[in-house]
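This report concerns only the one structure given below.
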């Protein structure tokens, strides 16, 4: 099981012939992911690495290969078009890795897909992985993952790898890891993924990595308090950030008290989450949480 | 990207939003001449990329061209410190000399991206001229918010609703509604993340005028706004931040002495937090990015080493897209070129970590290796400064 992706996921890569797209498509395939198609307008009819047919449009790719997920690597000016093309073709799940999509493009994209049967992960995200199903759809280093029963969700890329690395070192495997993205407007938020983890019989507990900016962590805290049935260990980074400065991620900016790490940590503490004291304690806090819940012997 | 008030007013004028007559001055003589041209009286406004100027002596009413010259003399070439600048303030190189306004009523208007509604939102308040955060905290009922569907845009019924909520006279209402619609076009067509008018005034003759203007632009949209890029004023930016931004490196200058270089924004924030938790203070946030070359890593290290506050360096690389050997080469390159002897702690993990450590180990640099975040922060703490 795990969430969103598994053995049945048939991946189409938009931008497969580009530098980033080709590098990471190979990485996904080497991990075991079923990459069935690529799309690069103008390069239809060619083969990628002699294995994957390339099409001019998502529509054709879906008709020919029954792709049911799209992974997007196209540059920021063209990423909104790529997302809408996949949504238009009826693709149910899209992960957009691209960093730097203008926020006003994203608000339109969000409105367009809002009432369509399409879920968007990202943009500006590392993608998602289900280690047990040997399914990696994104840019994360596959080798650090271990199949298991902890769900990981995060707004970050490399910090997610840090979290996974710490879990794996302590032999705490992962059911699925979802990087939802570091932009102010993203397709899928913490609560959406928590719902999926709640319903996943193969996930025992969750590690959630938040950061400064916005109020998504508070929304997650309210959801955890009201209805989430599994234990959550939560980290919020950015306590050292000055107000008003964009800390790398477009979404990581303190614009008011509610956007601070302190405020978010207070909400998560109140919700009964296991608050991870510093980023060095992700693995040990998760371990302690699992032990105390009798989920680890 | 932030732009100046006078630039924001240029943009407003292009969209038909009324602004006071104004002239930019860079010398006391120009301020004097401008005031004479505006009828002998004016408001002298320091042009810096920060708010709170009024309370901090950055906005002065003058009653004669001579007084304008004197005030300009005291403002130009100084650093203005406001609640929104750091303690060092922001340099005043330009003044906006404006005609006096005849204020009957002050309103507040802003457009921003509302992350909860995942779309633009138009905010209005009758509490113009005030610190809007204070209004939001003390009298939230005085702020009216109108979420906008970005696909249909701001509709006339919405501007009419806001004008109604502001309680404006019928005679002013249509002009105010026009300004709100124009402001929405400014917001969308220029890829703004914030447009704010505080105050938007109603004059005694019943006209609507933007007395102040603030525009923040989306850095990620600059590929389609070459014209707006010309508005960038590097003098308002931290020099190291400006240098990093030109190299496409995410960098924020902080107060401590531990220079930090990390790949990935989240891991970079985490590294600062761990450093702080260990009782050491970070000198900066730096995310060197995913697809960095040795040259880019080297440039990033050089930015850190050129900061006189930096007494020790912490490198934290989780090798994925960025390989550890590339990072290692870049670090050695920067130290060799600068001849720096600042001690460094290196924590590397992931792709080509063995090669990365070999390159650093063989380089003769004053490097300590750490395996975990805890080890790294402990090692930093042990470097005496």
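Protein chains in written order, with the numbering used here: chain A, 1 to 297; chain B, 1001 to 1385. Idealized CB from N, CA, C, for every residue including glycine.
Quick one: grab the DSSP three-state call for residue i.
i: residue 154/A; result: strand
i: residue 1075/B; result: helix
i: residue 215/A; result: coil
i: residue 180/A; result: coil
i: residue 1060/B; result: strand
i: residue 1114/B; result: strand
i: residue 1141/B; result: helix
i: residue 1147/B; result: strand
i: residue 228/A; result: coil
i: residue 270/A; result: helix
i: residue 65/A; result: helix
i: residue 1091/B; result: strand
i: residue 120/A; result: strand
i: residue 1184/B; result: helix
i: residue 1308/B; result: coil
i: residue 1287/B; result: strand
i: residue 1230/B; result: coil
i: residue 10/A; result: coil
Measure the beta-carbon distance from residue i to residue j and round it to whole angstroms, keeping in mind my assumption that it falls under 8 Å.
i: residue 173/A; j: residue 152/A; result: The Cβ separation is near 11 Å, so there is no contact.
i: residue 289/A; j: residue 226/A; result: Wrong, their Cβ atoms sit about 20 Å apart, outside the cutoff.
i: residue 1128/B; j: residue 1194/B; result: In fact, because the Cβ distance is near 17 Å, the residues do not count as touching under 8 Å.
i: residue 1190/B; j: residue 1217/B; result: 7 Å
i: residue 1011/B; j: residue 1215/B; result: 6 Å
i: residue 91/A; j: residue 52/A; result: Contact flag wrong, Cβ pair sits at about 16 Å.
i: residue 1154/B; j: residue 1148/B; result: 5 Å
i: residue 1045/B; j: residue 1005/B; result: 7 Å
Return the CA-CA distance between residue i and residue j, expressed in angstroms with no decimal places.
i: residue 1250/B; j: residue 189/A; result: 24 Å
i: residue 1102/B; j: residue 1202/B; result: 8 Å
i: residue 1351/B; j: residue 1158/B; result: 54 Å
i: residue 1140/B; j: residue 1051/B; result: 21 Å
i: residue 165/A; j: residue 285/A; result: 14 Å
i: residue 262/A; j: residue 1182/B; result: 38 Å
i: residue 1123/B; j: residue 1062/B; result: 32 Å
i: residue 114/A; j: residue 1085/B; result: 39 Å
i: residue 1104/B; j: residue 1125/B; result: 15 Å
i: residue 1134/B; j: residue 1048/B; result: 22 Å
i: residue 1008/B; j: residue 1213/B; result: 6 Å
i: residue 1173/B; j: residue 1018/B; result: 15 Å
i: residue 134/A; j: residue 264/A; result: 34 Å
i: residue 1306/B; j: residue 247/A; result: 21 Å
i: residue 137/A; j: residue 28/A; result: 6 Å
Chain D beta carbons: is any one of them nearer than 8 Å to that of residue i?
i: residue 1193/B; result: Here the protein chains are A and B, and chain D is not one of them.
Relative to the ligand ZN, is the shortest distance from any of its heavy atoms to the C-beta of residue i smaller than 7 Å?
i: residue 1255/B; result: Looking at this structure, you won't find the ligand ZN or any other ligand, since it has none at all.
If you measure beta-carbon to beta-carbon, which residues of the segment 189-211 of chain A are closer than 8 Å to chain B?
209 and 211
Across the segment 17-33 of chain A and the segment 225-237 of chain A, are there enough close Cβ pairs to call them in contact, namely three or more that are closer than 8 Å?
no
Is it the case that the segment 213-228 of chain A contacts the segment 253-272 of chain A, given that we only count it when at least three CB pairs across the two stretches are under 8 Å?
yes
Using Cβ-Cβ distances below 9 Å, what residues of the segment 125-148 of chain A are close to chain B?
126, 139, 140, 141, 143 and 144
Taking beta-carbon pairs under 7 Å, can you tell me which members of the segment 1307-1322 of chain B lie near chain A?
1318, 1320 and 1321
For the segment 1234-1253 of chain B, which residues have a CB atom closer than 7 Å to at least one CB atom of chain A, in sequence order?
1250 and 1252
Do the segment 1168-1180 of chain B and the segment 1203-1214 of chain B make contact, defined as three or more Cβ pairs closer than 8 Å?
yes
Which residues, taken in chain order from the segment 1202-1236 of chain B, show a beta carbon closer than 8 Å to some beta carbon of chain A?
1218, 1219, 1220, 1221, 1223 and 1224
Given a limit of 7 Å on CB to CB distance, which residues of the segment 84-106 of chain A reach chain B?
100, 101, 102, 103 and 104
Touch check for the segment 246-253 of chain A and the segment 158-177 of chain A: three-plus C-beta pairs under 8 Å?
no
Could you list the residues in the segment 1253-1270 of chain B with a C-beta less than 8 Å from some C-beta on chain A, going in chain order?
1254, 1262, 1263, 1264, 1265, 1266, 1267, 1268, 1269 and 1270
Under 7 Å, CB to CB, which of the residues in the segment 1274-1296 of chain B have a partner in chain A?
1274, 1276, 1277, 1282, 1285 and 1287
Output needed in chain order: residues of the segment 1318-1350 of chain B with a Cβ under 7 Å from some Cβ in chain A.
1318, 1320, 1321, 1349 and 1350
What are the residues of the segment 1107-1131 of chain B that lie near chain A, defined by any Cβ-Cβ distance shorter than 8 Å?
1113, 1115, 1116, 1118, 1119 and 1120
Give, in chain order, every residue of the segment 5-32 of chain A whose Cβ lies closer than 7 Å to some Cβ of chain B.
none
With 8 Å as the limit, tell me which residues of the segment 1141-1167 of chain B have their beta carbon closer than that to any beta carbon of chain A; keep them in chain order.
1149, 1150 and 1151
May I ask you to verify whether the segment 1256-1265 of chain B touches the segment 1275-1289 of chain B, counting CB pairs closer than 8 Å and requiring at least 3?
yes
Can you confirm whether the segment 1223-1233 of chain B touches the segment 1326-1342 of chain B when touching is taken to mean that 3 or more C-beta pairs between the two stretches lie within less than 8 Å?
no
What residues from the segment 50-75 of chain A come within 7 Å of chain B, judged by C-beta to C-beta, listed N to C?
none
Inter-stretch contact (C-beta, 8 Å, three-pair minimum) for the segment 1284-1299 of chain B and the segment 1317-1327 of chain B
yes
Against chain A: residues of the segment 1356-1379 of chain B by CB proximity under 8 Å:
1372, 1373, 1374 and 1377
Report yes or no: do the segment 68-77 of chain A and the segment 11-28 of chain A share at least 3 C-beta pairs separated by less than 8 Å?
yes
The segment 271-289 of chain A: positions lying closer than 7 Å to chain B by Cβ:
278, 279 and 280
Mind the definition here: the segment 1021-1037 of chain B touches the segment 1085-1097 of chain B only if three or more C-beta pairs lie below 8 Å; say whether that holds.
yes
Counting pairs of beta carbons, one from the segment 97-111 of chain A and one from the segment 1110-1122 of chain B, are three or more of them closer than 8 Å?
yes
Residues in the segment 1055-1080 of chain B having any Cβ partner in chain A nearer than 8 Å
none
Using 8 Å as the Cβ pair cut-off and three pairs as the minimum, do the segment 1371-1385 of chain B and the segment 1262-1279 of chain B touch?
yes
Closer than 8 Å is the cut-off here; do at least three beta carbon pairs connect the segment 89-106 of chain A with the segment 180-200 of chain A?
yes
May I ask you to list, following chain order, the residues of the segment 1169-1195 of chain B that have a beta carbon less than 7 Å from some beta carbon of chain A?
1188, 1191 and 1193
Could you run through the segment 165-188 of chain A and flag, in chain order, every residue whose CB is less than 7 Å away from some CB of chain B?
165, 182, 184 and 185
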